[in-house]
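Asker: So that we are looking at the same thing, I have put the structure below in structure tokens.
There are 2 protein chains.
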Amino acid sequence: MPSRPAAARKRPPAPDLPAEPTQAGRFEQARRVQSMALLEDYAELIADLHATGGEARPTDIARRLGVTHATAIKAITRLKREGLATARPYRGVFLTEEGERLAARVKARHLLVVEVLTAIGVPPDAAEQDAEGIEHHVSDITLQAFARFLKERK
Amino acid sequence: MPSRPAAARKRPPAPDLPAEPTQAGRFEQARRVQSMALLEDYAELIADLHATGGEARPTDIARRLGVTHATAIKAITRLKREGLATARPYRGVFLTEEGERLAARVKARHLLVVEVLTAIGVPPDAAEQDAEGIEHHVSDITLQAFARFLKERK
DNA sequence: AAAAAAGTGTAGCCTAGGCATCATATTCAT
DNA sequence: ATGAATATGATGCCTAGGCTACACTTTTTT
């Protein structure tokens with residue numbers, strides 16, 4: 143195999159561009175959010191497995207998410223690369239400090255989204271299903287608005 | 143070799159549960175929805191370009207979405223493959239009947255999502271940004287609940 | 001202790017959606 | 001009307017996230 147001349151291929155622009163008020167900016171932001179979604183789902187699941195007294199081995203994770211263990215291992219590799227998890231072979235996967243923080247944030251956000259949807263009148267099943275995809279796109283600002291909305295409504 | 147507590151080694155209960163509205167099911171559904179998102183965005187944009195008197199050429203689309211024209215052409219190829227659009231070189235892209243229906247549905251859904259978010263108290267900018275990602279995950283059932291919510295609130 | 005079962009990891013293949021680059025086709029302006 | 005500018009399409013490369021298949025390790029069972 144010829145060695146990668148791709149190494150110095152392209153320099154990506156600033157990784158934390160502010161969202162522009164243009165369609166292109168929103169579109170790009172949505173793409174960026176989407177690339178985080180999988181990591182968020184895995185982190186949340188690993189935390190949940192640990193919290194319920196279980197283990198977070200690749201196979202456990204794969205079973206819960208409905209993918210093969212090979213797919214789960216790939217995702218775990220990415221989690222490790224991003225500094226969100228560590229793993230010891232045959233002992234399971236563990237979240238780093240940062241991973242734990244992410245998981246906690248994701249879980250809280252998930253609950254809030256479901257709560258808002260049901261408060262609006264969405265049936266529980268649909269709320270749970272839709273929240274699975276929606277939650278990743280809910281910004282902090284929107285989340286705060288959700289919290290206020292629920293507070294006032296009580 | 144360090145061994146872990148035997149209790150934690152136990153296989154979790156219910157090893158062969160039938161497939162149900164479980165996390166795996168929701169996860170899979172979210173993945174399915176995601177694969178439609180790009181097509182929906184393109185269909186909506188093409189309709190919008192036509193509606194505002196413009197043309198929907200690959201370059202126009204690429205510019206609006208902030209991607210290269212090569213990327214847009216690939217997406218257009220997929221739209222054609224799915225029977226949602228046709229294209230005549232140098233004349234632009236056109237939606238089929240089905241593509242038009244999709245675009246109309248997507249546009250209505252987008253507006254409704256933004257409206258609900260702002261009604262809840264989300265600032266307009268955040269509502270617009272988050273809706274870009276959220277809308278694709280809003281099921282028909284949830285959409286109906288959104289419509290009812292807005293109606294009652296007036 | 002050996003066999004069976006379960007878990008792990010690697011490799012190869014696929015598609016989608018990004019990118020840059022190059023060759024060609026069309027349109028526009030002089 | 002022709003040369004410049006722009007649009008198009010094809011190609012090749014990249015990463016992410018699916019899959020299957022196979023090899024290997026660990027744990028459990030007999």
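As they're listed, the protein sequences go chains D and Y. Remember, the working numbering sits 142 above the position in the first sequence when you count from 1. Remember, the working numbering sits 142 above the position in the second sequence when you count from 1. Even for Gly, the Cβ is constructed at its ideal location relative to N, Cα and C.
#1: Out of H252/Y, I262/Y, L221/Y and P231/Y, which one is the CA nearest neighbour of E239/Y?
#2: Within the chosen definition, does the region 199-210 of chain Y reach the region 190-203 of chain D through at least 3 CB pairs nearer than 8 Å?
#3: What is the C-beta distance between G167/Y and V175/D, in whole angstroms, given that I count them as a contact (C-beta under 8 Å)?
#4: Kindly indicate the opening and closing residues of the alpha helix (DSSP H) around V235/D.
#5: With distances taken between CB atoms, is the gap from L259/D to A261/Y smaller than 9 Å?
#6: In chain order, which continuous runs of the beta strand (DSSP E) of length 3 or greater are located wholly inside the region 211-235 of chain D?
#7: I want to verify the contact list: residues of chain Y whose CB lies under 8 Å from the CB of E257/D, in sequence order.
#8: By alpha-carbon positions, which one of A245/D, L254/D, A268/D and K296/D ends up nearest to D190/D?
#9: Tell me whether A269/D is buried or exposed, calling it buried when 16 or more other Cβ atoms sit within 10 Å of its Cβ.
#10: Scan the region 276-288 of chain Y for residues whose Cβ lies nearer than 8 Å to a Cβ of chain D and list them as they occur along the chain.
#11: Tell me which residues share the same chain as T201/Y and place their Cβ nearer than 6 Å to its Cβ, disregarding the 5 neighbours each side in the sequence.
#12: Look up K296/D in the DSSP assignment and say whether it is helix, strand or coil.
#13: In or out: E277/D buried (at least 16 other Cβ within 10 Å) or exposed?
Answerer: This is what the structure gives:
#1: If you number the second sequence from 1, residue 239/Y lands on position 97. With distances taken between Cα atoms, E239/Y lies closest to L221/Y.
#2: no
#3: Residue numbering aside, residue 167/Y sits at position 25 when the second sequence is read from its first letter. Residue numbering aside, residue 175/D sits at position 33 when the first sequence is read from its first letter. No, G167/Y and V175/D are not in contact; Cβ-Cβ is about 23 Å, not under 8 Å.
#4: For this step, residue 235/D is matched to residue 93 along the first sequence. It is not in any alpha helix (DSSP H) - V235/D instead sits in the beta strand (DSSP E) that spans G234 to L237.
#5: Here residue 259/D refers to the residue found at position 117 when the first sequence is read from its first residue. Here residue 261/Y refers to the residue found at position 119 when the second sequence is read from its first residue. Contact flag unset, no.
#6: 227-230
#7: Within the first sequence, the letter at position 115 stands for residue 257/D. What E257/D touches in chain Y: nothing, since even the nearest Cβ is about 12 Å away.
#8: Counting from one through the first sequence, the residue named residue 190/D turns up at place 48. When only C-alpha atoms are compared, the closest one is A245/D.
#9: In the first sequence, counting from the first residue as 1, residue 269/D sits at position 127. Under this definition A269/D is a buried residue.
#10: If the cut-off is 8 Å between Cβ atoms, the region 276-288 of chain Y has I276, H278, H279, V280, S281, I283, T284, A287 and F288 near chain D.
#11: For this step, residue 201/Y is matched to residue 59 along the second sequence. So the list reads H211, once near-sequence residues are dropped.
#12: The residue labelled residue 296/D in the question sits at position 154 within the first sequence. DSSP places K296/D in coil when its eight states are reduced to three.
#13: Sequence index remark: in the first sequence, residue 277/D carries index 135 (1-based). It is buried - the Cβ of E277/D has at least 16 other Cβ atoms within 10 Å.
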